[in-house]
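Notes follow the structure.
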Amino acid sequence: MKFWKMNGAGNSFVIFDDRKGALGLKPEQVKAIADPATGVGADQVIALESTLRGDVFMRIWNRDGSSAEACGNATRCVAWLVMEETQKDKIVVETVAGRLKADRVGPTQISVDMGSPLLKWEEIPLAERMDTRGIDLKIGPIDAPYLQLPGAVNMGNPHIIFFVPELDKIDVKAVGSLCEWHPLFPQ
Numbered sequence: 035m036k037f038w039k040m041n042g043a044g045n046s047f048v049i050f051d052d053r054k055g056a057l058g059l060k061p062e063q064v065k066a067i068a069d070p071a072t073g074v075g076a077d078q079v080i081a082l083e084s085t086l087r088g089d090v091f092m093r094i095w096n097r098d099g100s101s102a103e104a105c106g107n108a109t110r111c112v113a114w115l116v117m118e119e120t121q122k123d124k125i126v127v128e129t130v131a132g133r134l135k136a137d138r139v140g141p142t143q144i145s146v147d148m149g150s151p152l153l154k155w156e157e158i159p160l161a162e163r164m165d166t167r168g169i170d171l172k173i174g175p176i177d178a179p180y181l182q183l184p185g186a187v188n189m190g191n192p193h194i195i196f197f198v199p200e201l202d203k204i205d206v207k208a209v210g211s212l213c214e215w216h217p218l219f220p221q
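221 is the number that the numbering used here gives the last residue of the sequence shown; the numbers go up by one with no jumps.
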């Protein structure tokens, strides 16, 4: 079966065209595809499906087989594919989270309106009630954490945001892994 392997802002995607409805991916298959050791390797697996409410419907699975409602980086990749196919410069990508408008702003640059962020702790979701503008969370050694007081938002998937003065001094992958499996973030 034909697929595309694409990257957007550091996230990798395996994208299948299922607009004829024959694919029917299951979570275990997604995990196998996304596994970098035994499969293609990806952060998310995407299926393009037919829709009457936009140019394409984008179904998203995280590498663990769970579903995601939306992803900006995946939307930009999918939008580019559909724009190349249709020669349109503006399209609508439908997701579980809603309709996302995409615009071509350069030959390989796509801008997506992700809509309004979800900011309440239960919408993100977090494991307990808290002010999402400054979470009491520290990353790094106990006596000298190098990241602390992040904010949190849901843009189709939960996101945590640390403000740092020098990004090149942060091991983003290591921090991401620590946050991804932290008990504060049930999804």
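Here a beta-carbon is modelled for each residue, glycine too, at the ideal position from N, C-alpha and C.
Residue range of the unbroken beta strand (DSSP E) whose run includes residue i
i    : result
Q121 : Neither: Q121 is in no beta strand (DSSP E) and is coded neither H nor E.
V90  : 90-96
V139 : 132-140
Cβ-Cβ distance between residue i and residue j below 8 Å
i    : j    : result
E214 : N188 : no
P184 : L171 : yes
W95  : L59  : yes
F219 : P192 : yes
E128 : F91  : yes
D123 : E83  : no
Whole-angstrom distance between residue j and residue i, CA atom to CA atom
i    : j    : result
D165 : L152 : 13 Å
G75  : L57  : 19 Å
A104 : S145 : 15 Å
F37  : K135 : 23 Å
I49  : G73  : 13 Å
V130 : G190 : 8 Å
I173 : Q182 : 6 Å
V18  : G106 : This structure cannot speak to residue 18, because the chain is shown only from 35 to 221.
V116 : A71  : 30 Å
K54  : M35  : 13 Å
Beta-carbon proximity list for residue i, same chain, < 6 Å, skipping 5 on both sides
i    : result
P61  : G99
F47  : M40, A76, Q78, I80, A108, C111
I195 : P184, G185
Range covered by the alpha helix (DSSP H) that runs through residue i
i    : result
S211 : 206-214
Close-in-space but distant-in-sequence residues of the same chain around residue i (CB under 8 Å, 5 per side omitted)
i    : result
R277 : The structure shown does not extend to residue 277, since the chain is modelled only from 35 through 221, so no value can be given for it.
Neighbourhood of residue i by C-beta, 7 Å cutoff - its chain only, sequence neighbours within 5 removed
i    : result
V139 : S145
L86  : none
Residue i at chain D interface by Cβ criterion, 8 Å
i    : result
W114 : Structure shown: chain D not included; a single protein chain is present.
### Message
If we require 3 or more residues per run, which beta strand (DSSP E) segments fall completely within the stretch 51-80?
### Response
none
### Query
Enumerated in chain order, which unbroken segments of the beta strand (DSSP E) with a length of 3 residues or greater are wholly contained in the stretch 140-209?
143-147, 185-188, 192-195
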